[in-house]
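Visitor: Structure in structure tokens, see below.
Numbering (my numbering), first residue to last: 45 to 493.
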């Protein structure tokens, strides 16, 4: 699995390990710490703490652990900053500094955006209010799939926006669905539930992005354009999107700073692990072939739905490419939005939206064998067992909320299994196409810096 790959790729005695957990007890963080602590201790003994840094809130178990083990440094964050709003605090700035970024320059862009978003600024001139107001207005008009199109260098920015929007707005049966990393397609592949937001970095390889913007606008899709002069403008974008998310949440009547459904999957994981410990097995689940499972799920692919691919697998370039190809095949066949996330990361990102947001998701859980595996030191379970328990626990939570969800065992060759799913969908591309949905009236487009 992934942990084994990372372990083989590094020299533990020459590696700095950064533990970041607001609660100080995140199960993935603490399991990984236990593993790498043992590796470092073999060569450094009690001096191993000098290779560890912690970022956490005051008074957490992680802060105490860092003190006991002699961590090189502990950064205690301001506790009233929510996790998804913490990118401009120690949680985002310490990693940025370690990467060699000019943190002062990054923060200066954030401060400039904060000044532009002051309450004294008229909403039409307020960059955060403009974006937030557009997202809320479009969501209320049925365009609740905020689809991010970015310059290549900014692709990973979408992963951050995913958590911000999904956890902040996905509750009480409503919310905004962030769509990041989706393959580009012709305008006819998109339904009438989309709002496109583009982030264009000056000087990047923007030819494909620019063509997409033009074709989408000509087809009548709403496009909200953001332009970045350089990468440090991301500091301003972090603030703009946080402000915009709060504005959108307020406009939709949603509390943007809580996450009432996040704990459910964690509790289910604990129950599954307890069953494994006491009975030596996982709970029984419906057994469908990959073809049966995908067919059953996509029979419900009506307009305004979206497919969420939840992959409990070891990431690789080949797997990434196959998942992207599956997303595009679904778009072309069914004209619905697609999202994808690796488990268990997505549980801390879009999981709140999946359970608490609108009941428009179709959930495809892809699970591999988790082999080869490694034990979690001090626990009865391995990393693979933990991931399997998280997958089962989240599936149970989705089913409790009556979300359409299926599970596919990928077998020994995950890429080949996913390609077989794609083959089910491709023939329809040569057949009759669905007519493009009628576009809703759009507000005047604006370009923002």
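Even glycine gets a Cβ: it sits at the ideal position worked out from N, Cα and C.
Within 10 angstroms of the Cβ of residue 58, are there 16 or more other Cβ atoms? Answer buried if so, exposed if not.
Guide: exposed
Visitor: Skipping 5 residues on each side, what residues in its chain have a beta carbon closer than 6 angstroms to that of residue 125?
Guide: So the qualifying residues of the chain are 133.
Visitor: With DSSP collapsed to three states, give me the class of residue 494.
Guide: Outside the shown range of the chain, which is 45 to 493, sits residue 494, and nothing can be said about it.
Visitor: What whole-angstrom Cβ distance do residue 240 and residue 203 have, given they're in contact under 8 angstroms?
Guide: Residue 240 to residue 203, Cβ: 18 angstroms. No contact.
Visitor: Out of 349, 164, 371 and 80, which has the shortest C-alpha to C-alpha gap to residue 220?
Guide: Ranked by Cα distance from residue 220, the first of 349, 164, 371 and 80 is 349.
Visitor: For the putative contact between residue 305 and residue 215, defined by C-beta atoms under 8 angstroms, what is the C-beta separation to the nearest angstrom?
Guide: 7 angstroms
Visitor: So, are the CB atoms of residue 212 and residue 280 less than 8 angstroms apart?
Guide: no
Visitor: Taking the alpha-carbon positions, what's the residue 178 to residue 61 distance?
Guide: 41 angstroms
Visitor: Assuming residue 107 and residue 136 are in contact, meaning their beta carbons sit under 8 angstroms apart, how far apart are those beta carbons, in whole angstroms?
Guide: About 19 angstroms separates the two Cβ atoms, so there is no contact after all.
Visitor: Spell out the partners DSSP gives residue 386 in its beta bridges.
Guide: 355
Visitor: Select from 337, 425 and 357 the residue whose C-alpha is nearest the C-alpha of residue 406.
Guide: 337
Visitor: Is residue 108 helix, strand or coil when you go by DSSP?
Guide: helix
Visitor: What is the C-beta distance between residue 374 and residue 410, in whole angstroms, given that I count them as a contact (C-beta under 8 angstroms)?
Guide: 13 angstroms between Cβ atoms; not a contact.
Visitor: Compare the beta carbon distance of residue 462 and residue 367 with 8 angstroms and say whether it is the shorter of the two.
Guide: yes
Visitor: By alpha-carbon positions, which one of 207, 170 and 236 ends up nearest to residue 183?
Guide: 236
Visitor: So, at 6 angstroms on beta carbons, what are the nonlocal neighbours of residue 84 in its own chain, with the 5 sequence-adjacent residues on each side left out?
Guide: 56, 92 and 95
Visitor: Name the DSSP bridge partner or partners of residue 452?
Guide: 410
Visitor: Run through DSSP, which three-state label would residue 130 get?
Guide: coil
Visitor: Could you say if the stretch 415 to 435 and the stretch 302 to 318 meet the contact criterion of at least three C-beta pairs nearer than 8 angstroms?
Guide: With the rule of 3 Cβ pairs closer than 8 angstroms, the stretch 415 to 435 counts as touching the stretch 302 to 318.
Visitor: Which residue's Cα is closest to the Cα of residue 270: 284, 261, 297 and 263?
Guide: Measuring from the Cα of residue 270, the nearest candidate turns out to be 284.
Visitor: Closest by CA to residue 456, which one among 418, 414, 466 and 158?
Guide: 414
Visitor: Relative to the C-alpha of residue 210, which candidate in 81, 341 and 286 has its C-alpha closest?
Guide: 286
Visitor: Taking the alpha-carbon positions, what's the residue 472 to residue 266 distance?
Guide: The predicted model places residue 472 with a pLDDT of 47, which falls under 50 and marks its position as unreliable, so this point remains unresolved.
Visitor: Please state the DSSP three-state secondary structure of residue 472.
Guide: Only weak support exists for where residue 472 lies, its pLDDT of 47 falling under 50; the value from the coordinates is given anyway. Three-state DSSP puts residue 472 in a helix.
Visitor: Tell me which residue opens and which closes the beta strand (DSSP E) that residue 99 is part of.
Guide: 96 to 100
Visitor: From residue 146 to residue 154, what distance separates their C-alpha atoms?
Guide: 13 angstroms
Visitor: Measuring straight from C-alpha to C-alpha, what distance separates residue 199 and residue 242?
Guide: Straight-line Cα distance between these residues: approximately 11 angstroms.
Visitor: Rank 401, 120 and 322 by C-alpha distance to the C-alpha of residue 425 and give the top, closest one.
Guide: 322
Visitor: Can you look up residue 91 in the DSSP assignment and give me helix, strand or coil?
Guide: helix
Visitor: What residues in its chain sit with their C-beta under 7 angstroms from that of residue 127, if we drop five residues either side in the sequence?
Guide: 66
Visitor: Below 8 angstroms CB to CB, which residues in the same chain sit around residue 340 once its five sequence neighbours on both sides are set aside?
Guide: 332 and 450
Visitor: Determine whether the beta carbon atoms of residue 98 and residue 80 lie at a separation below 8 angstroms.
Guide: no
Visitor: Helix, strand or coil: which one does DSSP assign to residue 80?
Guide: If DSSP states are grouped into helix, strand and coil, residue 80 belongs with the helices.
Visitor: What three-state label does DSSP hand residue 271 in the structure shown?
Guide: strand
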